[in-house]
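*Asks:* Here this note's numbering is used: the first residue of the sequence shown is 118, the next is one more, and so on.
Glycine is no exception: its CB is placed at the ideal position from the N, C-alpha and C atoms.
The model shown is predicted, which means the values in this text are computed figures rather than measured ones.
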Amino acid sequence: MVQRKRALVLGATGGIGGEVATRLKLDGWSIRALSRRPVPKQQKDFEWIVGDALNRDDVVSAASGVELIVHAVNPPGYQKWRELVPAMIDNTIAAARHADGRILLPGNVYNFGPDSFDRLDENAPQNPLTRKGRIRVEMEKRLEQASEAGIRVLIVRAGDFFGPNAKNNWFGQALVKPGQPLKAITYPGRAGVGHQWAYLPDVAETMVRLVNREAELAAFERFHMEGHWDRDGARMIAAIRKAAGKAELPVKALPWGVMRLLSPFAPLFREVIEMRYLWNEEVRLRNDKLTAFLGGEPRTPLDEAVRTTLSGLGCIVGGTRPQHGVTTPAAGSYA
């Protein structure tokens, strides 16, 4: 009898963590998930362990015997990155050392500054201008140093996440209002500036295909996804309008000025404003390495991805809310 591969997912109650956990399970992996609170009965598909990603003993114990640790956990409320992010990644590194498992990290574009924007491949220099960017760079440096000591690492970087089971992202917190029929789209970017989106089921599919080729991966690997490139912001707006059946759905600008005025009193606004440059500049990841390795990139058509996301977020009247994994791309879905 073939023994099932085992994975520990940190952040399985979140968007990317939940998608990756479900996609791994569909591929025959046994999933262990760490959560600070007991999970509802309807989420018993995994082996849930009560524990905290900030507690090293909890993480090391939960990782015992696993081949993969998915580090998909972030500080709550988009705050206290300096205090919490390094501690959490250090705990994951300690757990991977104990279990001899590979670490899988969802990466983002915070790592880069303007000197890299013209060619964002896996070897682009990482010289960010923001606090969060510098923390992400430090995080990846710690992982690279750990790989030199024998710990295997895989980083898959993508654009802004969106998906039917995730609300804590720009799509679910700015463009639309989860649980409410669409009355308008609030767009954070400037007209004519391109933006890169990543549909979470596609990201999970990509990650699992890479993980399942463990024997071909180096000790430290980075891959970039292209996802959906919206060259001027109009493509995502058009897809939302089409899914809602409202061709004239109005578009409003995100009130950055008001947020700035309120930022001394609203820490979340202060943290969000720091990342505004990602909406004013074109930041486009190149996926040449990924497509050469996999033969293509899993990519659900944008209209389908947006329609499924709006349905899952409860923004389409009469729409259903799919559970994690329902929207995973078909095995041959390459673009």
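Using 8 Å as the threshold, is the region 390 to 406 in touch with the region 305 to 313, meaning 3 or more CB pairs across them?
*Replies:* Verdict: yes, contact present.
*Asks:* With burial defined as no fewer than 16 other Cβ atoms inside 10 Å of the residue's Cβ, what is the status of V126: buried or exposed?
*Replies:* With 16 or more other Cβ atoms within 10 Å, it is buried.
*Asks:* Please give me, in chain order, every unbroken run of the beta strand (DSSP E) with length at least 3 that falls completely inside the region 308 to 396.
*Replies:* Listed in chain order, the complete beta strand (DSSP E) runs (minimum 3 residues) inside the region 308 to 396 are 312 to 316, 337 to 341, 345 to 347, 368 to 370.
*Asks:* Between the beta-carbon of P242 and the beta-carbon of D232, is there less than 8 Å?
*Replies:* Yes, they are a contact pair.
*Asks:* So what does DSSP say about A124, is it helix, strand or coil?
*Replies:* Looking at A124 - three-state DSSP - the assignment turns out to be strand.
*Asks:* What residue range is occupied by the uninterrupted alpha helix (DSSP H) comprising P223?
*Replies:* Not the alpha helix (DSSP H): P223 falls in the beta strand (DSSP E), residues 219 to 224.
*Asks:* Looking at the structure shown, is S147 part of a helix, part of a strand, or coil, going by DSSP?
*Replies:* In the structure shown, S147 sits in a strand (DSSP, three-state: E or B).
*Asks:* Where do the ends of the beta strand (DSSP E) carrying T303 lie?
*Replies:* Counting along the chain, the beta strand (DSSP E) containing T303 begins and ends at 302 to 304.
*Asks:* Do you know whose CA, among M256, N282, S147, lies nearest H188's CA?
*Replies:* Cα-wise, what sits closest to H188 is M256.
*Asks:* For A335, tell me which candidate among F410, P367, A370 has the shortest Cα-Cα distance.
*Replies:* When only C-alpha atoms are compared, the closest one is F410.
*Asks:* Find out if the Cβ-Cβ distance for the pair G218, A180 is shorter than 8 Å.
*Replies:* The answer is yes: Cβ separation under 8 Å.
*Asks:* Is DSSP giving V491 helix, strand or coil here?
*Replies:* Because the chain spans 118 through 452 in this model, residue 491 falls outside it and cannot be assessed.
*Asks:* Please name the residue, chosen from R307, L366, R352, that lies closest to P298 on a Cα-to-Cα basis.
*Replies:* The candidate whose alpha carbon is nearest that of P298 is L366.
*Asks:* Measure the alpha-carbon distance for P155 versus A364 and round it to whole angstroms.
*Replies:* Straight-line Cα distance between these residues: approximately 43 Å.
*Asks:* Is the region 330 to 350 touching the region 286 to 302, taking contact as three or more C-beta pairs under 8 Å?
*Replies:* The region 330 to 350 is not in contact with the region 286 to 302.
*Asks:* P305 and L385 look like a contact to me (Cβ under 8 Å); what is the Cβ gap, rounded to whole Å?
*Replies:* With 8 Å as the limit, P305 and L385 do not qualify as a contact, their Cβ atoms being about 14 Å apart.
*Asks:* Residues in its own chain within less than 8 Å of D420 by CB, not counting five upstream and five downstream?
*Replies:* So the list reads A356, K359, A360, once near-sequence residues are dropped.
*Asks:* What does DSSP give as the partner residues of E164 in its beta bridges?
*Replies:* BP columns for E164 point to R149.
*Asks:* Starting from L237, follow its DSSP beta bridges and name the residues at the other end.
*Replies:* According to DSSP, which records beta bridges pairwise, L237 is partnered with L402.
*Asks:* Nearest-angstrom Cα distance between G128 and P223?
*Replies:* About 11 Å.
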